[in-house]
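Protein chains in written order, with our numbering: chain A, 743 to 887; chain B, 2 to 532.
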């Protein structure tokens, strides 16, 4: 099935608000919602093993939490979880490609302007690299409505 | 979780393979070896024990390290765990030896931290002030401590420089070192130069000594005339300069299915590294003779640079050494914290060590714990060095060489023991998992034992602590401390200590297609995995 919505979610709760908004839209569109957790350990030295297991545990906990919340809020909505061991941006774009998604939803507010300029922000890169529409939702609930 | 997909199709390195090109892999391999810093830290010591033969020591130290890289490569195929020596040690020898191997790795990283911090402090001050200020122990220590905090913070934040800025930094570093070597060698081959330098002797008298250029000779690459003890003393200093080089091997593994680029990059970065160490050590020895470098100690590269290079290039050389010291933290803090994480995660040590920062996805508790202990250890060494004739601080290079020798040596032996069933099944296996790891392991274990034996004497250099050579104390004290700690953990975490080595008949062929071993902890005293 194509047309799913992709949401990028972080281990620290970033993207949760984006997931809530996207869930409402997905319920209306009657498509599945796919929560994507992209992670990549530092590119030096042997990788994998214990470090990745611990990171996956963090991701599974955060994704499980928001998935359960969304399933309660929208009965009948199909919420899936995907753990992608890649840079978050690459993970989201690849997942969107694979599912021929309708759009990508991401949170915003993780990095300030200076840090975003020096190190790059996921949101910024997604907006510029995505071929499909991107929904950017501020992470802080107080900023909304 | 039934509906959780760890997506393999998406993870098939399509995007990443393209981004890790030839240059990037070379850069990762060479940068994590930190040639500028390694030379600054060890050159003076190597000329001290080997004199004109420093180039031989620099090259020869590569041999056992390269042999051990083969064991890293194949053990990594069986268990690509961030605990490396720790997990491999458990699989080959059992939980107790594995625990000690992990400890050895953490100790090696800890022992080098004071030197890393001290050299960064010294060269930072050299960049902005004069030599007198740079040798002010209080300023140096303060900056060194800031450096440790900053490096820990970077590792905790998971900050990585973009590939492009790394290429720029490493390119500058290699270029400055190469220019230095060319100028030094051309001066030595030409008329030669001489310098008069006031040398302070042990008894406090200052004598003006003249140093002359020496005409370079090919014989500097041969061991003739060196005693075994000098070769070993040189090796224990020089294995340090190749520490981190094995990163190349694991990055190689990373992208192996994309194309042949990584394999070629591993070879190329090795050639670049060997070439730069060879020409720089030739240039350094030839410019004003080995005694000049020995006398300058950790300032050797700077002092020689001052003679050979114009002012702005000297500044660039200092910047190169500083950035290279920062890069070296990648091969110091990261492996230490990952080994701690792995030990915590597998239940061999407090679980808190495996705690992951939910936002940055790095081991936060281990990182800050390691940073904190490093600062304490740094202060202890500075206080000892400052208040006695003991040169604890420079002794740390030899001490870290001992720690590297023992834990690299152990992984060579682990490789043979673990894969013993497959060694004689083909010529390739015999060479790659038997001969090379065995040779490297035996050489390094010998270097360790011989250093313990030689360093017990009070005239090994670097002064004494409690009536014994400083190197011996620093090199073995922390290692030995691991034994009571290990027994304490064995009481607290009996489940981990009931693990058994992997049964030999279940070990898979490391050169085959399917190499991954069963998860650590599959085989315990009560469960032999179905045998």
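We put the CB at the ideal spot given by N, CA and C, even for glycine.
Could you spell out where the alpha helix (DSSP H) holding residue i opens and where it closes?
i	result
residue 196 of chain B	Segment 195-201 is the beta strand (DSSP E) holding residue 196 of chain B; no alpha helix (DSSP H) there.
residue 296 of chain B	291-297
residue 213 of chain B	Premise fails: residue 213 of chain B lies in the beta strand (DSSP E), 207-213, not in any alpha helix (DSSP H).
residue 879 of chain A	Element bounds for residue 879 of chain A: not the alpha helix (DSSP H) but the beta strand (DSSP E), 876-880.
residue 328 of chain B	312-329
residue 835 of chain A	830-841
residue 137 of chain B	Note, residue 137 of chain B: premise wrong, no alpha helix (DSSP H); not H, not E.
residue 61 of chain B	55-61
residue 243 of chain B	No alpha helix (DSSP H) holds residue 243 of chain B; DSSP gives it neither H nor E.
For residue i, is the classification buried or exposed, using 16 other Cβ atoms within 10 angstroms of its Cβ as the cut-off for buried?
i	result
residue 283 of chain B	buried
residue 136 of chain B	exposed
residue 192 of chain B	exposed
residue 399 of chain B	buried
residue 100 of chain B	buried
residue 505 of chain B	exposed
residue 807 of chain A	exposed
residue 842 of chain A	exposed
residue 803 of chain A	exposed
residue 201 of chain B	exposed
residue 221 of chain B	buried
residue 460 of chain B	exposed
residue 449 of chain B	buried
Does the beta carbon of residue i come closer than 9 angstroms to any beta carbon on chain B?
i	result
residue 800 of chain A	yes
residue 793 of chain A	yes
residue 866 of chain A	no
residue 849 of chain A	no
residue 872 of chain A	no
residue 746 of chain A	no
residue 881 of chain A	no
residue 750 of chain A	no
residue 786 of chain A	At residue 786 of chain A the pLDDT is 49, less than 50, meaning the model places this residue with poor confidence and gives no usable figure here.
residue 760 of chain A	no
residue 797 of chain A	yes
residue 756 of chain A	yes
residue 818 of chain A	no
residue 804 of chain A	yes
Across which residues does DSSP place residue i in a beta bridge pair?
i	result
residue 357 of chain B	B:364
residue 465 of chain B	B:470
residue 525 of chain B	B:500
Does the separation of the CB atoms of residue i and residue j fall below 9 angstroms?
i	j	result
residue 95 of chain B	residue 467 of chain B	no
residue 395 of chain B	residue 299 of chain B	yes
residue 487 of chain B	residue 97 of chain B	yes
residue 333 of chain B	residue 113 of chain B	yes
residue 196 of chain B	residue 206 of chain B	no
residue 128 of chain B	residue 148 of chain B	no
residue 404 of chain B	residue 105 of chain B	yes
residue 329 of chain B	residue 102 of chain B	no
residue 157 of chain B	residue 455 of chain B	no
residue 325 of chain B	residue 38 of chain B	yes
residue 823 of chain A	residue 848 of chain A	no
residue 177 of chain B	residue 305 of chain B	no
residue 318 of chain B	residue 181 of chain B	yes
residue 227 of chain B	residue 78 of chain B	no
residue 812 of chain A	residue 744 of chain A	no
Within 9 angstroms (strictly less), CB to CB, does residue i reach chain A?
i	result
residue 347 of chain B	yes
residue 153 of chain B	no
residue 211 of chain B	no
residue 357 of chain B	yes
residue 509 of chain B	no
residue 499 of chain B	no
residue 362 of chain B	yes
residue 317 of chain B	no
residue 343 of chain B	yes
residue 142 of chain B	no
residue 292 of chain B	no
residue 80 of chain B	yes
residue 257 of chain B	Unreliable placement is indicated for residue 257 of chain B, whose pLDDT of 43 sits below 50; no coordinate value is reported for it.
residue 457 of chain B	no
residue 339 of chain B	yes
Could you give the first and the last residue of the continuous beta strand (DSSP E) run that contains residue i?
i	result
residue 747 of chain A	747-750
residue 847 of chain A	845-850
Interface positions of the segment 82-96 of chain B facing chain C (Cβ-Cβ less than 8 angstroms), listed along the chain: Although the question refers to chain C, the structure presented lacks it and instead comprises the protein chains A and B.
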